[in-house]
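Protein chains: 2
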Amino acid sequence: MSSPEIEALVQSLSRLPGLGPRSARRAVLHLLKRRESALQPLISSLQAVDERMLSCGTCGNIDTSDPCHICRDHRRDGSLLAVVEDVADLWAMDRSRLFSGRYHVLGGRLSALDGVGPDDLAIGGLLSRVETGEVAEVVLAMNATMEGQTTLHYLAEQLDRFDITVSTLAHGVPVGGELDYLDEGTIAQALRARRAVG
Amino acid sequence: MSSPEIEALVQSLSRLPGLGPRSARRAVLHLLKRRESALQPLISSLQAVDERMLSCGTCGNIDTSDPCHICRDHRRDGSLLAVVEDVADLWAMDRSRLFSGRYHVLGGRLSALDGVGPDDLAIGGLLSRVETGEVAEVVLAMNATMEGQTTLHYLAEQLDRFDITVSTLAHGVPVGGELDYLDEGTIAQALRARRAVG
Ligand SMILES: [Zn+2]
Ligand SMILES: [Zn+2]
């Protein structure tokens, strides 16, 4: 067995999504052999993220400033708002570079199974943003999962009373798929062909 | 796009073996959502490893002390020495719990392609350890790759002048396989059935 310090690090790393115990061990050895070129830069990057990252009070994005750089970017179209479940979805969508509007992160999706109801999501904040009258179109960019679609229909109902366009991503998002695993091309296609809801 | 701090962290993480850019991004988000329970403990584990880990001057293992805990363990059989290419192989072999001897880490394998010759490996140190007369058997536990086997035969020749048993791992290690990817059972079987070389 290796030392407790190494075992602790293997454990920490193997809890990350995508890394099992074997690959965590390989990763640790990789780092140990490259202290100055890999281990120390990784520590610095993690510390920078830990010290500087904030949650945007407007959209829920994670960034070094609040409001985040997307909410502050005046070249972005403030009349177009994409609602996503998670920050990972926001990043995935933004990497497609096709969306010029702003975002709203729900922080999850409605789930009877996990006991997640409307009050657990940032829905009040979304409605407030729409109430200002600045938003002309809301793109409901939920994941194509059962719970994502339930959330989408719930939001479409809530948004029905506003005189705005409510759309959703077009086919192109595979059924059961999660945005964060899609390539930029698929997301771009789905955005281009987005359709009105309800 | 997310902020430069996050992109830098994604880059650092995606250079680890086993993590691509997508899974690195997922890992970062996982950490950002769990600062106290995941991000900060990971930073501490990495720092502990960076500050405390030493290379053992005797066997090449990485541990908090030099000599390492294996070299200092008097319950270990000092007459039995397993030679491995890499520290990961030492750990993999030690996890099988079947080997009661000590280790010698070469720090690589002979490779004409990568320009790795005998002087680049810890072969002098191995011969010195055998010369003390304490070693009765050397288990050449190279990977079952072309270069591993070339290294094995080179070492078997070097060890020929000593009055010791030179053995290697039995079939059980798949051809082309690397120790670090094997389960403990396979390694244990290969150790049990180890055979004499040359
Ligand atoms: Zn924002
Ligand atoms: Zn040692």
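Chains as they are written, first to last, in the UniProt record's numbering: chain A, 1 to 198; chain B, 1 to 198.
Note that CB positions come from ideal geometry on N, CA and C, so glycine has one too.
Query                                                                                                                                                                                          : Result
As a quick check of your reading: which residues have a C-beta less than 6 Å from at least one non-hydrogen atom of ligand 1, in chain order?                                                  : A:C56, A:T58, A:C59, A:N61, A:P67, A:C68, A:I70, A:C71
Determine the burial state of A:S128: buried for a count of at least 16 other Cβ atoms within 10 Å of its Cβ, exposed for fewer.                                                               : exposed
Output the boundary residues of the beta strand (DSSP E) element that contains A:D86.                                                                                                          : That residue, A:D86, is in no beta strand (DSSP E); it is neither H nor E in DSSP.
Shorter than 8 Å, the distance from the beta carbon of residue 270 of chain B to the closest heavy atom of ligand 2, or not?                                                                   : This structure does not reach residue 270 of chain B, given that chain B is present from 1 up to 198, and the question cannot be answered.
Tell me whether B:E63, by its Cβ, gets closer than 8 Å to a heavy atom of ligand 2.                                                                                                            : Checking the displayed sequence, the identity of residue 63 of chain B turns out to be Asp instead of Glu. B:D63: yes, Cβ under 8 Å from ligand 2.
Taking the alpha helix (DSSP H) that A:V28 falls in, what are its first and last residues?                                                                                                     : 21-33
Starting from the N-terminal side, write out each stretch of the alpha helix (DSSP H) that is 4 residues or longer and does not extend beyond the UniProt domain "Toprim" (79-174) of chain B. : 87-95, 123-131, 146-159
Would you identify the three-state DSSP class for B:D180, choosing helix, strand or coil?                                                                                                      : helix
Check each residue of the segment 178-189 of chain B: if its Cβ is closer than 8 Å to any Cβ of chain A, include it; give the result in chain order.                                           : D180, Y181
State the DSSP-derived secondary structure class of A:S14, mapped to helix, strand or coil.                                                                                                    : helix
For a test of the three-state rule: what should DSSP assign to A:S55, helix, strand or coil?                                                                                                   : strand
Specify the secondary structure class of B:D66 as computed by DSSP and reduced to three states.                                                                                                : coil
Which same chain residues, not among the five before or five after B:L9, have their C-beta less than 7 Å away from its C-beta?                                                                 : V28
Less than 9 Å between the C-beta atoms of A:T165 and A:E137, yes or no?                                                                                                                        : yes
Would you say B:G101 and B:L81 are within 9 Å of each other, going by their C-beta atoms?                                                                                                      : yes
Under 9 Å, Cβ to Cβ, is there at least one residue of chain B near A:M53?                                                                                                                      : yes
Would you tell me roughly how many angstroms separate the C-alpha atoms of A:S65 and A:I123, rounded to the nearest one?                                                                       : 22 Å
Return the residues of the segment 17-32 of chain A that lie within a Cβ-Cβ distance of less than 9 Å from chain B, sorted by chain order.                                                     : P17, G18, L19, G20, R22, S23, A24, R25, R26, A27, V28, L29, H30, L31, L32
What are the residues of the segment 37-52 of chain A that lie near chain B, defined by any Cβ-Cβ distance shorter than 7 Å?                                                                   : A38, L39, Q40, P41, L42, I43, S45, L46, Q47, A48, V49, D50, R52
Can you give the Cα-Cα distance for A:Y154 and A:A88, rounded to whole angstroms?                                                                                                              : 22 Å
Within 9 Å (strictly less), CB to CB, does A:N61 reach chain B?                                                                                                                                : yes
Can you say whether A:L113 is buried or exposed, counting buried as having 16 or more other CB atoms within 10 angstroms of its CB?                                                            : exposed
Is the number of C-beta pairs between the segment 12-31 of chain B and the segment 18-32 of chain A that are closer than 8 Å three or more?                                                    : yes
Using a C-beta cutoff of 9 Å, does B:E85 count as contacting chain A?                                                                                                                          : no
Within the present structure, is the beta-carbon of B:R102 separated from the nearest heavy atom of ligand 2 by less than 8 Å?                                                                 : yes
Would you please verify whether the beta carbon of A:L13 is less than 9 Å from any beta carbon of chain B?                                                                                     : yes
What is the C-beta distance between A:M93 and A:V84, in whole angstroms, given that I count them as a contact (C-beta under 8 Å)?                                                              : 6 Å
Measuring alpha carbon to alpha carbon, tell me which of A:L42, A:Y103, A:V197 ends up nearest A:Q158.                                                                                         : A:V197
Rounded to the nearest angstrom, what separates B:L39 and A:L54 at their Cα positions?                                                                                                         : 14 Å
Quick check on B:S111 - is its C-beta less than 9 Å from some C-beta in chain A?                                                                                                               : no
Determine, for B:S3, whether the minimum Cβ-Cβ distance to residues of chain A falls below 9 Å.                                                                                                : yes
Using a Cβ-Cβ distance cut-off of 9 Å, determine whether B:A141 contacts chain D.                                                                                                              : This model lacks chain D altogether, as its protein chains are A and B.
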